[in-house]
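Sequence lines, in order, name chains A and B. Following the working numbering, the numbering of the first sequence begins with 76 at its first residue and continues without gaps. Following the working numbering, the numbering of the second sequence begins with 76 at its first residue and continues without gaps. The C-beta atom is built at its ideal place from N, Cα and C for all residues, glycine as well. Down below is the structure, laid out as structure tokens.
Protein chains: 2
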Amino acid sequence: MTMDKKSPIKFTLTERDESVTITQWVYETLRSAVMNGQILPGRALTIRELATLLNVSPMPVREALRQLSAENALEIQGNRRVIVPKMTAMKFNELCEARIAIESHAAARALPYIDAARLAQLHSLDRLIDQAQENDDLEQISILNQNFHRLLYTANPHQVTLPLIESLWLQLGPFMRLATSKLEEHYLVDRHNEAMIAIEKKDAFALQLAISADIREGIAFANTPELLQRFIEQSRTDAS
Amino acid sequence: MTMDKKSPIKFTLTERDESVTITQWVYETLRSAVMNGQILPGRALTIRELATLLNVSPMPVREALRQLSAENALEIQGNRRVIVPKMTAMKFNELCEARIAIESHAAARALPYIDAARLAQLHSLDRLIDQAQENDDLEQISILNQNFHRLLYTANPHQVTLPLIESLWLQLGPFMRLATSKLEEHYLVDRHNEAMIAIEKKDAFALQLAISADIREGIAFANTPELLQRFIEQSRTDAS
DNA sequence: GAGGTTATTTTGTGATCACAAAATTAAAAA
DNA sequence: TTTTTAATTTTGTGATCACAAAATAACCTC
């Protein structure tokens, strides 16, 4: 059986802002590719290949790869090869539970700092999510959902957990996106509303419950093993 | 008033293993310097200076700095300068609470996987900590204490939180070490024992309590504001 | 002296090259 | 065909150089 040597990588090449370093641009490009599952797990990423693909010199790619590895978005193998980590059912579960533990903590810590202005922003974000759901725009839903959580946690000006949370998002990346299926759209809306009601009441415990539920249902198919299994299978296939 | 332009950095230069890359060795050297507070917060780190100091070419330093920045051990300023982040009382508190939330979660998740062999290892580590405390070897205590926690969390073979936890340790680094003062040595011992008893009983809740208390007391001077303040002051002084 | 302007140095970024180790392909042997 | 071995290519690492931007020093004006 002959097959293509390497699975192709589909990048969404954005215009590069002159004020930003090439390294930064490469980093953002690779990051969103990982987050959106555009690179198959197990796929080996080589510096020169990416440099050619992105039309830059090897140096910025090298730095971006190291940073993404440090953020657990990529994995350095013993051979010094860099790959997109493969997923297992157990690891997936650990990532979800870690999200719940850390994010509900971050939410509770942010609560005292949320003022009316920020709450209004949260509401308007939630409305945008509704729209995106009507349009079935999965990628947009995913982005807006992240913005919602980020806006919540960053209310705390001394917050230190967001980088950790973003690392978990990155690791769940490709699988989180597929999760936001039409089936649970009403759940998501409900949970965000619950969260905002809890915020108005300054009820930390209710907020934690809402965030936990939102996460659990946002990646709800963790509880529908056959779906999860399908994606893990895909991830297990050799993508070198 | 004349003062030295740059505060000196005291490295503990270890022999470099040939099998390991220079970048890795530089990374480890810088990491432990940060962890042990051998670089004043606010101190600007330049590639060439470190390269000269460590007697390597700029390239490995460059990569190590980027990795440490990605791990939140260092901070990239707008000017693209890399510094050791400064500490504030609020940030310190956030870091402690984050540790408690994440580590007690990690401990609970590890509990089902802890077998007799690992428990024995934990016991022997605890004995080593006792010894180190008798010798007043603060650095050794700190290292062994970290090993104890790491050994606990890594019992879970699917664990994903250790990198996040290590990032928090790094950020607390210089301040964590100073915390392990003679005053609370009996607390530490007790908490580790409590943890091990909870493990034997497979009591997740008791384990979480023990770990939480251990962390809280290990950095107990968070509750003695005058001490904390002193170190933060030191951190605020311009160390450029 | 102090404040602002210019000159000088230092710095991060990015490009390119050399090289040993690893991966891949080709060839040979069973 | 299947397995071993050898030849070839590709890869990450590390070194060095160029350059623009930033930081620092020197200078001048008041």
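Residues bridged to residue i [DSSP beta-bridge criterion]
i	result
residue 119 (chain A)	A:158
residue 178 (chain B)	Beta-bridge pairing links residue 178 (chain B) to no other residue.
residue 150 (chain A)	A:158
Presumed contact (8 Å Cβ cut-off) between residue i and residue j, rounded CB distance
i	j	result
residue 155 (chain A)	residue 141 (chain B)	Contact doesn't hold; Cβ gap of about 16 Å is too wide.
residue 242 (chain A)	residue 239 (chain B)	7 Å
residue 101 (chain A)	residue 128 (chain A)	Residue 101 (chain A) to residue 128 (chain A), Cβ: 10 Å. No contact.
residue 173 (chain A)	residue 235 (chain B)	6 Å
residue 250 (chain A)	residue 162 (chain A)	6 Å
residue 269 (chain A)	residue 145 (chain B)	34 Å between Cβ atoms; not a contact.
residue 177 (chain B)	residue 177 (chain A)	6 Å
residue 120 (chain A)	residue 157 (chain A)	5 Å
Cross-chain neighbours of residue i in chain B, by beta carbon under 7 Å
i	result
residue 234 (chain A)	169
Option in the options with minimal Cα separation from residue i
i	options	result
residue 214 (chain A)	A:108, A:84 and A:280	A:108
residue 245 (chain A)	A:121, A:159, A:197 and A:175	A:159
residue 136 (chain B)	B:111, B:163, B:99 and B:164	B:99
residue 85 (chain A)	A:118, A:180, A:152 and A:139	A:118
residue 182 (chain B)	B:168, B:220, B:145 and B:229	B:229
residue 171 (chain A)	B:233, B:280 and B:163	B:233
residue 316 (chain B)	B:282, B:82, B:210 and B:87	One cannot answer for residue 316 (chain B) here, as it falls past the ends of chain B, which runs 76 to 315.
residue 292 (chain A)	A:157, A:146, A:265 and A:185	A:265
residue 223 (chain A)	A:211, A:210 and A:202	A:202
residue 166 (chain B)	A:219, A:153, A:184 and A:175	A:184
residue 197 (chain A)	A:267, A:277 and A:115	A:267
residue 277 (chain B)	B:189, B:200, B:217 and B:237	B:189
residue 191 (chain B)	B:272, B:105 and B:88	B:272
residue 169 (chain B)	A:120, A:237 and A:221	A:237
residue 193 (chain A)	A:110, A:105, A:139 and A:274	A:274
residue 247 (chain B)	B:126, B:151, B:116 and B:89	B:116
residue 221 (chain B)	B:111, B:92, B:91 and B:83	B:111
residue 180 (chain B)	B:132, B:216 and B:227	B:227
residue 139 (chain A)	A:89, A:97, A:210 and A:87	A:97
residue 82 (chain B)	B:90, B:294, B:114 and B:217	B:114
residue 87 (chain A)	A:212, A:134, A:132 and A:103	A:103
residue 131 (chain B)	B:143, B:151, B:91 and B:164	B:91
Chain-ordered chain A contacts of residue i [CB-CB under 9 Å]
i	result
residue 142 (chain B)	141, 142, 144 and 145
Contact list for residue i against chain A, beta-carbon separation under 8 Å
i	result
residue 242 (chain B)	238 and 239
residue 184 (chain B)	169 and 172
Where residue i meets chain A, residues with beta-carbon distance less than 7 Å
i	result
residue 176 (chain B)	176, 177 and 180
residue 166 (chain B)	233 and 235
residue 266 (chain B)	Residues of chain A passing the Cβ test: none, with the nearest at roughly 21 Å.
residue 138 (chain B)	141
Neighbouring residues, chain B, relative to residue i (Cβ below 8 Å)
i	result
residue 221 (chain A)	Residues of chain B passing the Cβ test: none, with the nearest at roughly 18 Å.
residue 103 (chain A)	The premise fails here: residue 103 (chain A) is roughly 14 Å from chain B at the closest Cβ pair, so nothing lies under 8 Å.
Under 9 Å by beta carbon: chain B residues contacting residue i
i	result
residue 246 (chain A)	235
Counting Cβ pairs, one atom from each stretch, are 3 or more of them under 8 Å apart for the stretch 273 to 291 of chain B and the stretch 205 to 213 of chain B? no
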